[in-house]
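Each remark here refers to the structure printed beneath this line.
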Amino acid sequence: MSNFRVNVHNIKIASPCSADWESMFGNERKRFCGQCKLNVYNLSGMTQRDAEDLLQQSEGRLCVRYYRRADGTILTTDCPVGWARVKKRVSSFATAAFAIFVSAFSGAYFSVKGVNGAEIGKFLPIPLTTPTPDYEPLMGAIAIPTPTPKSSPSPTPNPKVRRTAEIRQAI
6 MSNFRVNVHN IKIASPCSAD WESMFGNERK RFCGQCKLNV YNLSGMTQRD
56 AEDLLQQSEG RLCVRYYRRA DGTILTTDCP VGWARVKKRV SSFATAAFAI
106 FVSAFSGAYF SVKGVNGAEI GKFLPIPLTT PTPDYEPLMG AIAIPTPTPK
156 SSPSPTPNPK VRRTAEIRQA I
């Protein structure tokens with residue numbers, strides 16, 4: 006086992022696979038691929054720590070599936086951006102539901118009899134939908150970048166020694 010920690014956002018697919026995830030047997034975290042006879046792990050169905058532990062234990066010999074965002078990070082279940090999106094979606098849904106509820110009942114109230122007793126025509130509320138971005142899943146054998154060794158700084162010449170040598174040459 007290596008002494009450096011694998012960052013889940015640094016991995017890349019070395020050899021992409023076209024096998025269908027839905028046709029594999031298993032759950033949302035791990036499925037068995039009948040084509041290559043390997044387990045395929047869904048990193049986007051795990052927390053970041055679980056995914057990094059799995060990558061660390063496998064030492065790079067692993068077949069994975071994940072969703073990568075436009076900014077290059079991998080979507081995991083504990084992602085703060087993902088949670089913010091879920092909260093925003095729930096909030097938007099609640100707001101839309103309330104607006105539809107209020108408009109439906111106010112419309113029903115006024116549709117019976119309008120001002121001065123004139124009957125007003127009926128209307129249908131327009132549902133509010135928010136488009137969600139589509140992420141393409143990536144699947145295949147992984148390629149973990151090797152860490153670059155820290156190089157020791159090169160020694161710098163002592164300026165005092167050089168000046169002394171220059172003075173001696175001048176004499």
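Be aware that the sequence shown starts at 6, since it is given in my numbering, and climbs by one per residue. For every residue, glycine included, the Cβ atom is placed at its ideal position computed from N, Cα and C. Model, not experiment: these values are computed from the prediction.
Check, Outcome
"Start-end ranges of the alpha helix (DSSP H) lying completely within the stretch 41 to 83, minimum 4 residues", "53 to 63"
"First through last residue of the beta strand (DSSP E) which encompasses G145", "P142 to A148"
"Cβ neighbour criterion (16 or more within 10 Å) applied to T137", "exposed"
"Boundaries of the beta strand (DSSP E) in which I16 is found, first to last residue", "It is not in any beta strand (DSSP E) - I16 carries neither H nor E in the DSSP assignment."
"Coil, strand or helix - R36 by DSSP", "strand"
"Rounded straight-line distance, which links the Cα of D83 to that of D25", "25 Å"
"Pair within 7 Å by beta-carbon distance, R66 and N47", "no"
"F106 to V69 span [Cα, whole Å]", "45 Å"
"Closest Cα partner of P177 within the set R36, I79 and G39", "Residue 177 falls outside the range modelled here, since the chain spans only 6 to 176, and no answer is possible."
"Spatially closest choice to I147 from T135, N32 and L59, by CA coordinates", "L59"
"Buried/exposed call for T153, threshold 16 Cβ in 10 Å", "exposed"
"Alpha-carbon spacing of R36 relative to R10, whole angstroms", "25 Å"
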